[in-house]
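Chains as they are written, first to last, in the working numbering: chain A, 748 to 933; chain B, 748 to 933.
Below is one structure, written out as structure tokens, with a few remarks after it.
Number of protein chains: 2
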Amino acid sequence: MSRARPYHHGDLRPALLRAAADTIDDVGAAAMSVREVARRAGVSHTAATYHFGDKAGLLTALAVEGYRLLGEALAAAQREHQSFLEVGVAYVRFAVTHRAHFEVMFQPALLRADDPSLQDAKRRTAVLLYGSAEADEQQTVAGVAAWSLVHGLATLWLNGNLPPRLGDDPAAITRVVAARLRVPRR
Amino acid sequence: MSRARPYHHGDLRPALLRAAADTIDDVGAAAMSVREVARRAGVSHTAATYHFGDKAGLLTALAVEGYRLLGEALAAAQREHQSFLEVGVAYVRFAVTHRAHFEVMFQPALLRADDPSLQDAKRRTAVLLYGSAEADEQQTVAGVAAWSLVHGLATLWLNGNLPPRLGDDPAAITRVVAARLRVPRR
DNA sequence: AGACTATCTTGCCGCTGGCAAGATTGCACT
DNA sequence: AGTGCAATCTTGCCAGCGGCAAGATAGTCT
């Protein structure tokens, strides 16, 4: 067989990020181990440490990737629908379809909070969600309200704290629930 | 010295729960170790295992306690203010003043999801927040919207994702932000 | 007093994260 | 084409962790 795994992987960093996301999907962020992630990627656990420094570094990289993906998803929703509501739906959809990323992004205890790329990613997302620093206060409040609602809805959905009677389609639930929010004044 | 720690602690279970909450406040739920909790309580780590079965059992007991405390806080707010909004404020206040409990309550991956006392506690809280199973759909949706908003606001506050310009008083922020919610029809 | 049970400890195991040292490889420069 | 160098990955090691089995201690009931 030709593919007798070469000494140099060649594309290990993204492979490790994929393996980490898969592992977290399976066992949760808290139970994820660097060794298991490395096993899935077919390398030793210190190979992961080499690329990310330590476990927190790996999770931080995953969170940064998550903020990037979320930003793209939200921008795409805004572009396609020109609708505030559909951006919220895209937020919940992202949380549900990227459980691992979403979970890590909002557990700062697992991350290197001082990492510049992380701070950058968070700042960019914040601007998308509640406007830049120069926005007026009303707009900021409206953004925070909307973000809070969809964020809470997504997390409550993910950990099974929503009443079953609302059905099992997160997007549909979001549309119904978010309707209770007063439309933001432009 | 008289208190040369007797073989039998006498009140270990609650002492361990307190120690666990303190530890989580310090290092986060993921980094909490049974051994550290036991050290803080002055016993061996297997003493904790004896009372709670395993680590998930300890965290489950903490979550159950959290649901109970939250329920009491919400009921008190309702009783004192007769205000839907102030119940939401109490929710956020609880999250901020009981970080450890709050963190554990909403991370089911850390818990024994099948524990009857946990399911019971969750059910009771759900009734408080979005009405009983017999409530009409409109009321349920309004409850879910309100719960989502305050839950999202609390978690975003806890992990530093809110814009600084809103100030540093969670209760005040809640009042401003929750005002964006349409008042529930009675 | 003696038996029984609840509570807690010690000793052990495999797994984990991180460090140090060494092996392998690609690349730059000559 | 070869040679030095830096990047990439491995092996070996350590203390700390969670969980199990066995044993020690103490309160309770008769």
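Positions of the beta carbon are idealized from the N, C-alpha and C atoms, including for glycine.
Keep in mind it's a predicted model, so treat the numbers as computed, not measured.
With fewer than 16 neighbouring CB atoms inside 10 Å of its own CB, V930 (chain B) falls in the exposed class. Taking a beta-carbon distance threshold of 9 angstroms, S895 (chain A) counts as an interface residue toward chain B.
The stretch 844 to 862 of chain A and the stretch 803 to 822 of chain A touch, with no fewer than 3 CB-CB distances between them shorter than 8 angstroms. In chain B, no part has a C-beta under 8 angstroms from the C-beta of H848 (chain A); the shortest such distance is about 15 angstroms. Scanning chain B for C-beta atoms nearer than 8 angstroms to the C-beta of K802 (chain A) yields nothing, as the closest lies near 10 angstroms away. Going by beta carbons, G899 (chain B) and W894 (chain A) fall inside the 9 angstroms limit. About 16 angstroms separates the Cβ atoms of L928 (chain A) and L903 (chain A), ruling out a contact at the 8 angstroms cut-off. Spanning the alpha carbons of P761 (chain B) and G878 (chain A) requires a straight line of approximately 46 angstroms. Taking C-beta atoms under 8 angstroms as the contact rule, L764 (chain A) and A808 (chain A) qualify, at a distance of about 6 angstroms. In the structure shown, L858 (chain B) adopts coil according to DSSP, grouped into three states. Bounds of the alpha helix (DSSP H) holding H898 (chain B) are 884 to 905. Taken in chain order, the unbroken stretches of alpha helix (DSSP H) that lie wholly in the stretch 765 to 840 of chain A and span 4 residues or more are 781 to 788, 792 to 799, 802 to 828.
Interface with chain B (9 angstroms Cβ-Cβ cutoff): R859 (chain A) is excluded.
Contact annotation: the stretch 770 to 783 of chain A touches the stretch 850 to 859 of chain A, with at least three C-beta pairs closer than 8 angstroms. In this structure, DSSP gives L928 (chain B) an extended state, which the three-state scheme calls strand. At least 9 angstroms separates the beta-carbon of I920 (chain B) from that of L905 (chain B). For the stretch 769 to 784 of chain B, the beta-carbon criterion of a distance under 8 angstroms to any beta-carbon of chain A is satisfied by V774, G775, A776, A777, A778. By the CB criterion at 9 angstroms, A918 (chain B) and R840 (chain B) fall inside the cutoff.
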